[in-house]
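Asker: Position 374 of the sequence shown, counting from 1, maps to 376 under my numbering, and the rest follow consecutively.
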Amino acid sequence: MKQIFDNTEIALALKSNYEIDRAQLLFKMITRDRLVKIGSTVAKFVLKANLPVEKLIRITVFNHFCGGISEEDCTNTVNKLFSKKVYAVLDYSAEGKEEEVQFGAVQNKILNTLEYAKSNSCVPFVVFKPTGLGRFKIFQKQTENILLTTLEKQEWETIVKRFDTICARASAYNIPVLIDAEESWMQDAADNLIEKMMEKYNKQRAIVFNTLQVYRWDRLIYLKELHERAKQCGFKIGMKLVRGAYMEKERKRAQENGYKDPICINKIATDNLYNDTLKYMVENVNDIEIFAGTHNEESSYLLMSLLEKNNIATNDHRIWFGQLFGMSDHISFNLSNDNYNVAKYLPYGPVKDVMPYLIRRAEENSSVAGQTTRELYILKKEKERRKLKS
Ligand SMILES: Cc1cc2nc3c(=O)[nH]c(=O)nc-3n(C[C@H](O)[C@H](O)[C@H](O)COP(=O)(O)OP(=O)(O)OC[C@H]3O[C@@H](n4cnc5c(N)ncnc54)[C@H](O)[C@@H]3O)c2cc1C
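1) Drop a sphere of 10 angstroms on the beta-carbon of Asp-278, count the other beta-carbons inside from all chains shown, and report buried for 16 or more, exposed for fewer.
2) Hey, quick one: how far does the alpha helix (DSSP H) through Thr-133 stretch, first residue to last?
3) At the level of alpha carbons, what is the spacing between Met-283 and Lys-205?
4) Measure the CB-CB distance between Asn-212 and Met-241 and report whether it falls below 8 Å.
5) Would you give the residue range spanned by the alpha helix (DSSP H) that Gly-106 belongs to?
6) Which first and last residues belong to the alpha helix (DSSP H) in which Asp-93 is found?
7) Under a Cβ-count criterion, where at least 16 other Cβ atoms within 10 Å of its own Cβ denotes burial, should Phe-47 be classed as buried or exposed?
8) Taking DSSP as the reference, what is the three-state secondary structure of Asn-52?
9) Is Pro-349 buried or exposed, if buried means 16 or more other CB atoms sit within 10 Å of its CB?
10) Pick helix, strand or coil for Leu-222, following the three-state DSSP scheme.
11) Considering only C-alpha positions, which residue in the set Met-200, His-229 and Asp-355 is nearest to Ile-209?
12) According to DSSP, what are the bridge partners of Lys-346?
13) How do the segment 52-59 and the segment 95-106 stand: do at least 3 beta-carbon pairs fall below 8 Å, yes or no?
14) Suppose the cutoff is 6 Å on Cβ atoms and the five residues either side in sequence are ignored; what does the same chain contact list for Glu-2 look like?
15) Please report the straight-line C-alpha distance between Asp-182 and Lys-4, rounded to a whole angstrom.
16) Quick check: the segment 121-135 against the segment 80-97, are at least 3 beta-carbon pairs closer than 8 Å?
17) Considering only DSSP beta bridges, list what Phe-211 is partnered with.
18) Counting only the same chain and skipping the five closest in sequence on each side, list residues whose C-beta sits under 8 Å from that of Trp-158.
19) In chain order, what residues of the same chain have a beta carbon less than 6 Å from the beta carbon of Ile-292, not counting five sequence neighbours either side?
20) In or out: Tyr-217 buried (at least 16 other Cβ within 10 Å) or exposed?
21) Cβ-heavy atom distance between Lys-269 and ligand 1 below 7 Å?
22) Keeping to the same chain, check which residues put their C-beta closer than 8 Å to that of Glu-154; ignore five residues upstream and five downstream.
23) Determine the DSSP secondary structure at Gly-41, reduced to helix, strand or coil.
24) If you run the structure through DSSP and keep just helix, strand and coil, what is Ala-294?
25) Rounding to the nearest angstrom, what Cα-Cα distance links Lys-120 and Lys-346 in this structure?
26) With hydrogens ignored, establish whether the beta-carbon of Ile-161 is closer than 7 Å to any heavy atom of ligand 1.
27) When the Cα of Arg-245 is compared with those of Pro-264, Lys-382 and Arg-207, which residue comes out closest?
28) Distance, Cα to Cα, Val-129 vs Ala-172?
29) Under three-state DSSP, which class holds Gly-70?
30) Taking 8 Å as the threshold (C-beta atoms), are Pro-132 and Glu-185 in contact?
31) Measuring CA to CA, which of Ser-301, Glu-310, Ile-314 and Ser-307 is closest to Gly-324?
32) May I ask whether a heavy atom of ligand 1 can be found less than 7 Å away from the beta carbon of Met-199?
33) Quick check: Ala-364 and Gly-41, are their CB atoms within less than 8 Å of each other?
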């Protein structure tokens, strides 16, 4: 496969020298594990204490990783990305909510992003997290087959209604909705509910997408079983394929509770499962639409070569590459430059509400050291290229 990801001029064309310096500083800080831990604690404290640091956060980490505080505030970034044929997936990133009014507010936010997507063709998907729409504990109890109380049953019905309202609107607007995957001990309930939504709304094409975390060794088996049911019941599968973001938490819980670790034995096993699953999906693209969410270059090259091998057009509407805003621009922009479908998750929301997301991002990045090193290499290389040119 033609190696394209080293072209830093294409990768960082939208970044000013100032933004490159800022990114370098941020990623350098992120590589320092202790600094991330201290920074996260301080950030949590200053926000809780209502100290006036919003502006500082906004011009540093927020502007690098987020699109804005509201949908409209993201428009500038959405248009900028689209000037290079990179699409945006507005991701309302307020995490860790636990109250009914907050879940209702999140539902309304997702419906707003659907309206925004309807009026803006640079936004081809919307996205939400299952536990953005209902309590984690309810998903967990359903997953563990624990009987719900009468009140909890009502709560679950409300969750189902919220999912259905969003999927119905997405279907009416013909805008697919990506549903994130979370911890394994709540995920079965989400999977079952999302499958019902697929059955209802994915008759012609995939409107509802679930997420497959292949750091879980059971996921390709699950996908194959789902595929059989989809063929029998006559619906399409929409699937975002990722490695998975909660590895340490998963391993720790399995060890503490004495059950079999749901995570692959090592990174190579996860990588192999990613490859095998991707192959299965591409070979069955008539039944399974694909959103490959990854910052891994090998996985991205693999998908490119699978398209070529299977005579599928680079911009086939059923196959998307996805990265997070503020990360792996060398993958996103070089792919879009070669006419592949690329979308970046663009987190947004009030600074204070998005902070838990940003902290999670920093912690994740500091634990995936190779990725940060790669970001720093690309930034340095582009700086040198610009210096030579001037
Ligand atoms: C657009 C997009 C959407 C996403 N949506 C979700 C989502 O809905 N749910 C979710 O959980 N995550 C999601 N993620 C995050 C994703 O799961 C990964 O955490 C992140 O992308 C890093 O994986 P990678 O493929 O990019 O890169 P890589 O650097 O190749 O892989 C790192 C990943 O490999 C796995 N891994 C690392 N070490 C080991 C080990 N020792 N044993 C086994 N596995 C290991 C872990 O999953 C780790 O995150 C999303 C990512 C993107 C880009």
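The beta carbon of each residue, even a glycine, is placed where N, CA and C say it ideally should be. Note that the structure is predicted; figures quoted are calculated from it, not measured.
Answerer: Quick look at the numbers:
1) exposed
2) Note, Thr-133: premise wrong, no alpha helix (DSSP H); not H, not E.
3) 18 Å
4) yes
5) 102-120
6) From DSSP, Asp-93 is part of no alpha helix (DSSP H) but of the beta strand (DSSP E) over 89-94.
7) exposed
8) coil
9) Under this definition Pro-349 is a buried residue.
10) Reduced to three states, the DSSP call for Leu-222 is helix.
11) Considering only Met-200, His-229 and Asp-355, the residue with the shortest C-alpha distance to Ile-209 is Met-200.
12) Ala-90 and Gln-325
13) no
14) This structure gives no information on residue 2, because the portion of the chain shown stretches from 3 to 392.
15) 31 Å
16) yes
17) Leu-180 and Gly-240
18) Gly-136, Ile-140, Gln-144 and Leu-150
19) Met-283 and Ile-321
20) buried
21) yes
22) Ile-140 and Lys-143
23) helix
24) strand
25) 17 Å
26) no
27) Pro-264
28) 11 Å
29) strand
30) no
31) Ser-301
32) no
33) Yes, these two residues count as a Cβ contact at 8 Å.
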